[in-house]
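Enquirer: First residue of the sequence shown? That's 4 in my numbering, and the numbers climb one at a time after it.
Backbone N, C-alpha and C define an ideal beta-carbon position, used for all residues, glycine too.
Bear in mind the structure is a predicted one, so any value in this text is a computation, not a measurement.
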Amino acid sequence: MAKGLYHTNLLLGIILSLITGAAPYSPMWWVMGTTYSTSYQEPENIECTSIPGLQNDKVLTFCESNRQMLPSVAEGARIGIFECQVQFQGRRWNCSTIEGDESVFGNVLNREIHHYFFLNSFTGSRETAFVNSILAAGLVHSISRACARGDYLNCGCDRPNSDINIIPNDTWHWGGCSEDVRYGARFSREFLNPQDVTVKARGQMNRHNNEAGRQVVLRNMELKCKCHGISGSCELKTCWWQMASFRKLGNILKVKYDSAAEMTVQELKENRAKKEFLQPRYPHFKNPTADDLIYYQNSPDYCEYNPEVGSLGTVGRECNRTSHGIDGCELLCCGRGHNTQTVVREERCDCRFVWCCDVVCRKCQRIYDVYTCK
């Protein structure tokens, strides 16, 4: 099985587990991933009742009515994982996925371990906030794009809004295929958010950060236009809405991760039942908006290997000796120092263009110093 699809299958299990409330990191989700992967290109062959863990009636109904869209759900998970790893590649926590670990991200989202089963008690850290938001954004992005491509019968292009005059003094009209992000966002809400109102702080944090990821997609749509006319004179423009690149969306969410709002958990008794709710830790700061990330627990120390908190440590991580930032050896290695190793790498060099359509290069060996954390 391809590595990317392996990680996607695992994460698909995590996403579904957030709906069902089942223990998301138990081995049954790996079975679900394996079951799904065998029918990856033929979702109509998937029997939702045969997927371990899908015992909730709402989830089974959703699975049955949207079975053909599971490849796009998996694609949303894949691009979310990949973008997370790109955004955090120079940080102590680098969004690592663990081969052979049903939790994908290890125990970084979950601080309780019972034998070999991970319990459904996620941390409320910044990292968890980012993971939830980037996955929700990935789901909106993949579903909306698949609809615009015409992959599914129950969705398509967005309706043009003739009341909006975004380009004054220009002769233009709506055309092409605007990506229907409203449908993608609606699908994401139904898929990721449980229908009942959650009374736990963790669930409220999940909901908020899921929505923040969706809002980042919705609020960063880009107007694309194509010129028409003799010799490209652009006498007429055809315009449509298109989602921003997922890299741009990842960059925006990374900034929101760095400025995430810290919350506190309060308890309120309603009809003899306890209900948790979140409020800002620092009341003099402005309240977080719908597209801000929130968290209520401090992140674990990612310097040392500690599987109980999901930390892989930074031993052996490659660092930048000349950087004074978080990717520099001093900070990334947590003051432990670094090793220097000389390596020889084969690269393409002396490339030249050969008429008509070829680029010919030599292979050169170059020597580099590689710095890794002690």
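Comparing C-alpha positions only, which one of Ala276, Thr345 and Gln245 sits nearest to Arg162?
Expert: Nearest C-alpha to Arg162: Gln245.
Enquirer: Which residue's Cα is closest to the Cα of Gly93: Val346, Arg148 and Tyr305?
Expert: Ranking Val346, Arg148 and Tyr305 by Cα distance to Gly93 puts Tyr305 first.
Enquirer: Curious, which full-length beta strand (DSSP E) runs of at least 3 residues does the region 219-290 contain?
Expert: List check, beta strand (DSSP E) in window: 225-231, 239-245, 264-273 and 276-283.
Enquirer: Only counting the same chain, and skipping five residues up and downstream in sequence, which positions put a Cβ closer than 8 Å to that of Tyr186?
Expert: Once the five neighbours on either side are set aside, the close Cβ partners of Tyr186 are Ile146, Ser147, Cys150, Cys158 and Asp161.
Enquirer: Considering only the alpha carbon of each residue, which of Tyr371, Asn301 and Cys360 lies closest to Glu321?
Expert: Per the Cα distances, Tyr371.
Enquirer: Do the CB positions of Ala126 and Gly178 come within less than 9 Å of each other?
Expert: Residue 126 is actually Thr in this sequence, not Ala. For Thr126 and Gly178, no; Cβs fall outside 9 Å.
Enquirer: Looking at the secondary structure, which residues open and close the beta strand (DSSP E) in which His418 lies?
Expert: Nothing can be reported for residue 418: it is not among the residues displayed for the chain, which extend from 4 to 377.
Enquirer: Less than 9 Å between the C-beta atoms of Tyr298 and Ser128, yes or no?
Expert: Yes, they are a contact pair.
Enquirer: Which same chain residues, not among the five before or five after Ser181, have their C-beta less than 7 Å away from its C-beta?
Expert: So the qualifying residues of the chain are Cys160, Asp161, Pro163, Trp243 and Trp244.
Enquirer: Considering Cα atoms alone, identify which of Asn209, Arg222, Arg324 and Phe356 is closest to Gln344.
Expert: If we check each option's Cα against that of Gln344, Arg324 comes out closest.
Enquirer: Could you check if Asn301 is buried or exposed, using at least 16 other CB atoms within 10 Å of its CB as the buried criterion?
Expert: It counts as exposed.
Enquirer: Comparing alpha-carbon positions, which option in Arg95, Ser99 and Ser75 lies nearest Cys84?
Expert: It is worth fixing the name first, because residue 84 is Ile in this sequence and not Cys. The option with the nearest alpha carbon to Ile84 is Ser99.
Enquirer: Under 8 Å Cβ to Cβ from Pro283, same chain only, skipping five residues before and after it: list those, please.
Expert: For Pro283, where only same-chain residues beyond five positions count, the Cβ hits under 8 Å are Ala264, Glu265, Met266, Thr267, Asn290 and Pro291.
Enquirer: Got a sec? Which residues, its chain only, sit under 6 Å from Thr41 by beta carbon, not counting five neighbours each side?
Expert: In this prediction, Thr41 has a pLDDT of 41, which is less than 50 and means its spatial position is unreliable; nothing more can be read from the coordinates.
Enquirer: Could you check where the alpha helix (DSSP H) with Ile370 kicks off and where it finishes?
Expert: Segment Asp361 to Cys376 is the beta strand (DSSP E) holding Ile370; no alpha helix (DSSP H) there.
Enquirer: Can you name, in chain order, every residue of its own chain whose Cβ lies under 6 Å from the Cβ of Lys366, other than the five neighbours on each side?
Expert: Closer than 6 Å at Cβ, skipping near neighbours: Glu349.
Enquirer: Over what stretch of residues does the alpha helix (DSSP H) that includes Thr415 continue unbroken?
Expert: Absent from the structure is residue 415, since the part of the chain shown begins at 4 and ends at 377.
Enquirer: Ends of the alpha helix (DSSP H) at Ser147?
Expert: Start and end: Arg129 to Arg152.
Enquirer: Using 9 Å as the threshold, is the C-beta distance between Val362 and Cys354 below it?
Expert: Contact: yes.
Enquirer: Straight-line CA distance for Ser106 to Pro310?
Expert: With a pLDDT of only 42 at Ser106, under the threshold of 50, the placement of this residue in the model should not be trusted, and no figure is reported.
Enquirer: How would you call Cys376, buried or exposed, if buried means at least 16 neighbouring beta carbons within 10 angstroms?
Expert: It is buried - the Cβ of Cys376 has at least 16 other Cβ atoms within 10 Å.
Enquirer: Pick from Ala139, Asp294, Arg217 and Leu281: whose alpha carbon is nearest that of Arg81?
Expert: The residue with the shortest Cα to Cα distance from Arg81 is Ala139.
Enquirer: By a C-beta neighbour count over all protein chains shown, 10 Å radius and 16 as the cutoff for buried, is Val220 buried or exposed?
Expert: Buried, because 16 or more other Cβ atoms sit within 10 Å of the Cβ of Val220.
Enquirer: How far does the alpha helix (DSSP H) with Val89 in it reach, from first residue to last?
Expert: Leu73 to Gln90 is the span of the alpha helix (DSSP H), which, as asked, contains Val89.
Enquirer: Take the Cβ of Ser29 as the centre, count every other Cβ of all protein chains shown within 10 Å, and call the residue buried at 16 or more, exposed below.
Expert: Confidence in Ser29 is poor, its pLDDT being 32 and thus under 50, which makes the residue's placement unreliable; the coordinate value appears in the next sentence. So Ser29 counts as buried.
Enquirer: Please report how far the alpha carbon of Ala77 lies from the alpha carbon of Cys87, in whole angstroms.
Expert: Cα-Cα distance, rounded: 15 Å.
Enquirer: Ordered along the chain, which non-local residues of its own chain (more than five positions away) have a Cβ less than 8 Å from that of Lys278?
Expert: Here the set comprises Val202, Glu270, Leu271 and Lys272.
Enquirer: Alpha carbon to alpha carbon, what distance is there between Lys61 and Gly153?
Expert: Approximately 27 Å, taken between the alpha carbons.
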